[in-house]
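Undergrad: Protein chains in written order, with the working numbering: chain A, 1 to 295; chain B, 1001 to 1334; chain C, 2001 to 2682.
Cβ coordinates follow ideal geometry from the N, Cα and C atoms, glycine included.
As structure tokens, this is what we get:
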């Protein structure tokens, strides 16, 4: 050891070592779900290249056939090729999901944001209104609204589902807005003269996006469920308009004939799509349990 | 103190009354706005053969010729006296029609609800106890999957397996024809519908309990409890579970209508003679009087449940009661 | 004396996404029966994790990597959870930092104490348990125990809650009590009471105590021995007097010197540069070298061993190596006469001398020198002080919060004061005294109930006048919040945050582009360039507060209002921020309303100080005058509550009892001496 080692040299700066993340980029992300969902969506969008038959053509010679080499997923009671119908109908199911989710999200965000920002009395009033709307059974509301709009088509049914499905989300939006509104950075921004739109754009929206994303995904999901349920019950899309829901509306006949493929195949596609969406939605939601358990 | 109680209850009753009134108003108008011929449900196919005069007379007889607002006032006047009119389809007093069916729905919904309530608590605690273990992850995965299955399709699936393929369980109705008094037979018929109600909702509540418990387990007081020397079981049950029970109760109260709403669809799939099928029919075929009562009935359930939930929260949870006590005794910070 | 607890070569690792944090690194210490051992260090140095590892209360991702923990000679390191449960409460128990969250909110205090009693004595009858609960509550100084046992935690104030937690911890007469920052989240006046209580309990029950704190001043009052921790290691340990009067490690010097009490009479606080290192990749050699002005070359290469100073005093620094350059004299110069004598030798006589001088020094708060000094300062500052224009004039400000229709809380009650151009006014008071509300009224966040606030001749409470001068008011007054964590938007980058006020008010950056302006402001508040593109959550508390300061100063405000800007920081960081404020004020010349909850730091910053109590302003005087000649009894109490890092003096000091409504309500402010206003009871 040299004596120099014991000389005062004072503070030396060290380069900060970047912390390496132990996790790979894909860990904890729903890669699998995204992959499957992309496959299904791509299949539906590009159905032209996949479909082996004309999905609307009723082949009266081959009705209620079990899956075989020609009809990959079999045929329904009206002789339509289920394999082609899946891709063709999926497009409509997804479209309805997106449309009505867009409608309900817009209403919910507007309503919730207004309620969250509004003075106390208006907020109470708006919340009471939602409660009363919530207390009308959803199914009945849908039936009545659908009747007012006339015969169901893709647009009207999206509208009905969208208009009836926003209340619970509006409540979530409201609490979120209230929370952010009372946070100190918003107060700080107000102090320095930030206007309403500045705060909305710079503070509310970014903090809001992650929770909104979750809600949008969940809305798409529940809209698809609603559409299929309504079509199944005969209130939604008619048989001629092919969607996963209307395909399933034949299932009572299928039950009698024991034709499992008519029930199982569209259903599996439906459920897998929903499952992928749930997984993605759950991922988008802020991860809550990052803290370690105390127990 | 007593005066406050009276005021409190009075306020709640008032809110309740106003909500029910508004609800009836909205449904009355919406249902009449919808096109469709209420005469069809009264006269059936005969309507098509009626001459315009006959139609007019028929409409007058049912009070359908007046403006909607007048009809509503009339309906309201009668309703206050307890007369809700007759069902066009069944040509019987509405209450009588509903009375014959409501029991079935209550049994289905009630048993389903109780099972959900108990099982969710058990599963939730189990998952929280074995957090991040294989069991926990399995239950969560299975739960996610079942929660994604629309109830009608689950019904179809179970019907296909148990009623059509295996022929173990009956696929429709509430009882075998001619055996309406046989309790065993009724239970037999309930198995499939109840299990669908339970399967469909169970996960959501179990998962909620799990998450609430896990949040609670991360609170600082758990560390203090551990440093006292309490074991995991004592802390989980005496502290954590106890703290989430009020919110669980209130959430379950809010979800009563949700679960009941689910039974509507299941009833139609199983052709189960309950209120669900009844309201479905009444809405489709414009059986106005029946529709009104059904809407108000379910609305009342919803509003009542919301109120119960609120009351549970306010009365059981001392954290929320704190706000009230603050009012009564100024500031009690010692 | 027997060793009750002996920790040998303990290492604890925490597994995180970024990698393993070596929170505790090869720590050895012992605790004797009936003594109080203080563990001191900045936050992030592993004190808390070390305590939790003794009781095996570590979070799931942390584990003891090596070392042993022996209690009464029995090694408990490998004990399973079941065995530990029997020991917890019985043998050792713990008091946590935040009494607000460590009690179960849905159970009564009595029930929670009873539970602790029953765990280790399950056979007690109901009456016996109740008796024991009341006994415990009285032991920790909760009066009217019987009726208070049935109350819920939210009925209690912070101090009372901490007492309840203490009662729970003492329920089964543990041999060891571990108190993890028990006073950090409490008001200064309550802080002293809790410390006294700890001392008293230790005397009465003979409980050995480990007291964790980040503040050497707090610990002086009751510790028998002190261990200083830095970066997961114990770097100095010794008898309290040895550590305070003869510290050997430069980190201990730094900690001591950054305490406001030691800088009294000087115009600037000493600060420790930088902050503790990340423990994911602990730096090579002596972890403190990177903040140490006296670092030796060898510090960057090799870890120092523990050098023995006396039989009880051990220090890990190369400075004690015989080959080391003799830096003692340099330190003596730098540290001034307070520590210089202490740093010489361990001889008793010099120690005594040092003590005397310390005491003299500290008492000088009450003698004429300082008074004169203050007066002369006053004279120097006259251009910014007495004759300058009045910038802000608060007249008879009152604000009420309605609790219900009948009851209101008078949060602010007839408060009047003025701030002149370039003046720094301190506003001091404990939590709930209405000082934040005053700040919020001034910033137009709250509308005052009555009274007037005039800023540059504009009545800001008048809507018309406010609207006319809106832009000026919004850019000319800026606010800094207490908790920089919540006052910075987590989803904006630091650069955006700093530039927000400019962009909102469409002002042109003074130093070229926006980017250059941001860089300039960052430099001004002492932040490094690479922070610009980070998010607030990636910064430490002190750094975040600097960002908040930069944001407030970018519009070149005439008035800066800071609402407890240092309350949530470590003492060493507090000193850094106070110095920064002072520096910036000298440079920019803004008027400054500085709100704090204790008087310790205010002295180094403010020209005048106002003391608030229960919504009223009870005393307002020039800084030197107030410290030299406090007139209102509450001010005197606040002054006496400032902890002094001198064990002997600290122990001799009496604390006065604080009642919540001790001073009669009402009264009038009267000018007793020139510029010194006091509330006189009527």
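Just to confirm, is the Cβ distance from residue 2168/C to residue 2210/C under 7 Å?
TA: Residue 2168/C sits at position 168 when you count from the first residue of the third chain. Residue 2210/C sits at position 210 when you count from the first residue of the third chain. No, the Cβ-Cβ distance between residue 2168/C and residue 2210/C is not below 7 Å.
Undergrad: What does residue 2698/C pair with, by DSSP beta-bridge criteria?
TA: In the structure displayed, chain C extends from 2001 to 2682; residue 2698/C sits before or after that span and is not available.
Undergrad: Got a sec, what are the start and stop residues for the alpha helix (DSSP H) residue 248/A sits in?
TA: Locating residue 248/A in the first chain gives position 248, counting from the first residue. Segment 244-248, the alpha helix (DSSP H) holding residue 248/A.
Undergrad: Figure out for me which residue from 2475/C, 2578/C, 2482/C, 2503/C has the closest Cα to the Cα of residue 2526/C.
TA: As a first step, residue 2526/C must be located in the third chain, where it is residue number 526. Cα-wise, what sits closest to residue 2526/C is 2578/C.
Undergrad: State the Cα-Cα distance for the pair residue 2035/C and residue 2442/C, rounded to the nearest angstrom.
TA: Against the third chain, residue 2035/C aligns to sequence position 35. Against the third chain, residue 2442/C aligns to sequence position 442. Their Cα atoms are separated by approximately 50 Å.
Undergrad: Consider the Cβ of residue 137/A: report whether some Cβ of chain B lies at a distance smaller than 7 Å.
TA: If you number the first chain from 1, residue 137/A lands on position 137. Yes - at least one Cβ of chain B is within 7 Å of the one on residue 137/A.
Undergrad: Between 73/A, 72/A, 80/A, 49/A, which lies nearest to residue 58/A when the distance is taken from Cα to Cα?
TA: Residue mapping note: residue 58/A aligns to position 58 of the first chain, counting from 1. Nearest option by C-alpha distance: 80/A.
Undergrad: Roughly how far, in whole angstroms, is the beta-carbon of residue 2541/C from the beta-carbon of residue 2576/C, given that I think they are within contact range, below 8 Å?
TA: Position 541 of the third chain, counted from the first residue, corresponds to residue 2541/C. Position 576 of the third chain, counted from the first residue, corresponds to residue 2576/C. Residue 2541/C to residue 2576/C, Cβ: 11 Å. No contact.
Undergrad: Looking at C-beta atoms only, is the number of pairs between the region 2056-2065 of chain C and the region 2220-2228 of chain C that lie closer than 8 Å three or more?
TA: The region 2056-2065 of chain C is not in contact with the region 2220-2228 of chain C.
Undergrad: Ignore the nearest five residues each way along the sequence and tell me which others in residue 2259/C's own chain have a CB closer than 7 Å to its CB.
TA: Here residue 2259/C refers to the residue found at position 259 when the third chain is read from its first residue. Excluding sequence neighbours, residue 2259/C sits near 2216, 2217, 2571, 2645.
Undergrad: Taking only runs of the alpha helix (DSSP H) that begin and end inside the region 154-234 of chain A, which ones reach a length of at least 4 residues, in chain order?
TA: Complete alpha helix (DSSP H) runs here, min 4: 154-164, 167-181, 184-191, 196-199, 205-233.
Undergrad: Within the chosen definition, does the region 2485-2499 of chain C reach the region 2527-2534 of chain C through at least 3 CB pairs nearer than 8 Å?
TA: Enough Cβ pairs lie closer than 8 Å, so yes.
Undergrad: From what residue to what residue does the alpha helix (DSSP H) around residue 1116/B run?
TA: One-based indexing of the second chain puts residue 1116/B at position 116. If you look at residue 1116/B, you'll find it in the alpha helix (DSSP H) that goes 1094-1129.
Undergrad: Per DSSP, which one or two residues make a beta bridge with residue 2537/C?
TA: What you label residue 2537/C is simply residue 537 of the third chain in a count that begins at 1. Paired residue(s): none; residue 2537/C is not in a bridge.
Undergrad: Does any CB atom of chain B fall closer than 7 Å to the CB of residue 144/A?
TA: Position 144 of the first chain, counting from 1, holds the residue named residue 144/A. With 7 Å as the cut-off, residue 144/A counts as an interface residue toward chain B.
Undergrad: Can you list, in chain order, the residues of its chain with a C-beta nearer than 8 Å to that of residue 134/A? Leave out the 5 residues immediately preceding and following it.
TA: Within the first chain, residue 134/A is the residue found at index 134, counting from 1. 167, 168, listed in sequence order.
Undergrad: Determine the contact status of residue 2232/C and residue 2023/C, defining contact as a CB-CB distance below 7 Å.
TA: For the purposes of this step, residue 2232/C is taken as residue 232 along the third chain, with counting starting at 1. For the purposes of this step, residue 2023/C is taken as residue 23 along the third chain, with counting starting at 1. Yes, these two residues count as a Cβ contact at 7 Å.
Undergrad: According to DSSP, is residue 2465/C helix, strand or coil?
TA: To locate residue 2465/C, count along the third chain from 1; it is residue 465. Helix, per DSSP.
Undergrad: At the level of alpha carbons, what is the spacing between residue 202/A and residue 125/A?
TA: Locating residue 202/A in the first chain gives position 202, where the first residue counts as 1. Locating residue 125/A in the first chain gives position 125, where the first residue counts as 1. Rounded to the nearest whole angstrom, the C-alpha separation of residue 202/A and residue 125/A is 28 Å.
Undergrad: Distance, Cα to Cα, residue 2101/C vs residue 2160/C?
TA: Counted from its first residue, the third chain places residue 2101/C at position 101. Counted from its first residue, the third chain places residue 2160/C at position 160. Answer to the nearest angstrom: the Cα atoms are 13 Å apart.
Undergrad: Suppose the cutoff is 6 Å on Cβ atoms and the five residues either side in sequence are ignored; what does the same chain contact list for residue 2117/C look like?
TA: Position 117 of the third chain, counted from the start, is the residue given in the question as residue 2117/C. Apart from sequence neighbours up to five positions away, the residues of its chain that approach residue 2117/C with a beta-carbon distance below 6 Å are 2129, 2132, 2171, ordered along the chain.
Undergrad: Give me the chain A residues within the contact set of residue 959/B, using Cβ-Cβ distance strictly less than 9 Å, ordered along the chain.
TA: Because chain B here runs from 1001 to 1334, residue 959/B falls outside it and cannot be looked at.
Undergrad: Verify the CB distance criterion: does residue 2332/C have a CB-CB separation below 7 Å to chain A?
TA: Within the third chain, residue 2332/C is the residue found at index 332, counting from 1. Interpretation of residue 2332/C is limited by its pLDDT of 47, a score under 50 that renders its predicted location unreliable; no figure is taken from the coordinates.
Undergrad: Mind reading off the beta-carbon distance from residue 2162/C to residue 2186/C? Whole number of angstroms is fine, and I expect it under 8 Å.
TA: By 1-based counting over the third chain, the position of residue 2162/C is 162. By 1-based counting over the third chain, the position of residue 2186/C is 186. Under the criterion of beta carbons closer than 8 Å, residue 2162/C and residue 2186/C qualify as touching, at roughly 6 Å.
Undergrad: Which bits of chain B does residue 2221/C rub up against, with CB to CB less than 8 Å?
TA: As a position in the third chain, residue 2221/C is number 221, starting the count at 1. The contacting residues do not exist; residue 2221/C stays about 24 Å from chain B at best.
Undergrad: Would you kindly check if the distance between the Cβ of residue 2615/C and the Cβ of residue 2434/C is under 7 Å?
TA: Locating residue 2434/C in the third chain gives position 434, where the first residue counts as 1. Locating residue 2615/C in the third chain gives position 615, where the first residue counts as 1. For residue 2434/C and residue 2615/C, yes; Cβs fall inside 7 Å.
Undergrad: Assign residue 2113/C to one of two classes, buried (16 or more other C-beta atoms within 10 Å of its C-beta) or exposed (fewer than that).
TA: As a first step, residue 2113/C must be located in the third chain, where it is residue number 113. It counts as buried.
Undergrad: Using a Cβ cut-off of 9 Å, which residues of the region 249-260 of chain A contact any Cβ in chain B, in chain order?
TA: 251, 252, 254, 255, 256, 258, 260
Undergrad: Kindly indicate if chain C contains any beta-carbon less than 7 Å away from that of residue 28/A.
TA: Stepping through the first chain from its first residue, residue 28/A is reached at position 28. So, not an interface residue.
Undergrad: Could you tell me the alpha carbon to alpha carbon distance between residue 1236/B and residue 1136/B, rounded to whole angstroms?
TA: As a first step, residue 1236/B is located in the second chain; it is residue number 236 there, counting from the start. As a first step, residue 1136/B is located in the second chain; it is residue number 136 there, counting from the start. Straight-line Cα distance between these residues: approximately 16 Å.
Undergrad: When you check each C-beta in the region 1135-1154 of chain B against every C-beta of chain A, which residues fall closer than 8 Å?
TA: 1144, 1145, 1147, 1148, 1149, 1150, 1151, 1152, 1153
Undergrad: If you follow the alpha helix (DSSP H) that residue 2506/C is in, where does it begin and where does it stop?
TA: Taking the third chain and counting its residues from 1, one reaches residue 2506/C at position 506. Counting along the chain, residue 2506/C falls outside any alpha helix (DSSP H), and DSSP gives it neither H nor E.
Undergrad: Could you name the residues of the same chain whose beta carbon sits closer than 8 Å to that of residue 105/A, not counting the 5 residues immediately before and after it, in chain order?
TA: Taking the first chain and counting its residues from 1, the one referred to as residue 105/A is at position 105. So the qualifying residues of the chain are 166, 169, 212, 215, 216, 219.
Undergrad: With burial defined as no fewer than 16 other Cβ atoms inside 10 Å of the residue's Cβ, what is the status of residue 1008/B: buried or exposed?
TA: If you number the second chain from 1, residue 1008/B lands on position 8. Of the residues assessed, residue 1008/B falls on the exposed side of the cut-off, its CB having fewer than 16 other CB atoms within 10 angstroms.
Undergrad: Does residue 2445/C come within less than 7 Å of chain A when only Cβ atoms are used?
TA: For the purposes of this step, residue 2445/C is taken as residue 445 along the third chain, with counting starting at 1. Residue 2445/C counts as touching chain A.
Undergrad: So the alpha helix (DSSP H) residue 1212/B belongs to, where does it begin and stop?
TA: In the second chain, residue 1212/B corresponds to position 212, counting from 1. 1183-1217 is the extent of the alpha helix (DSSP H) around residue 1212/B.
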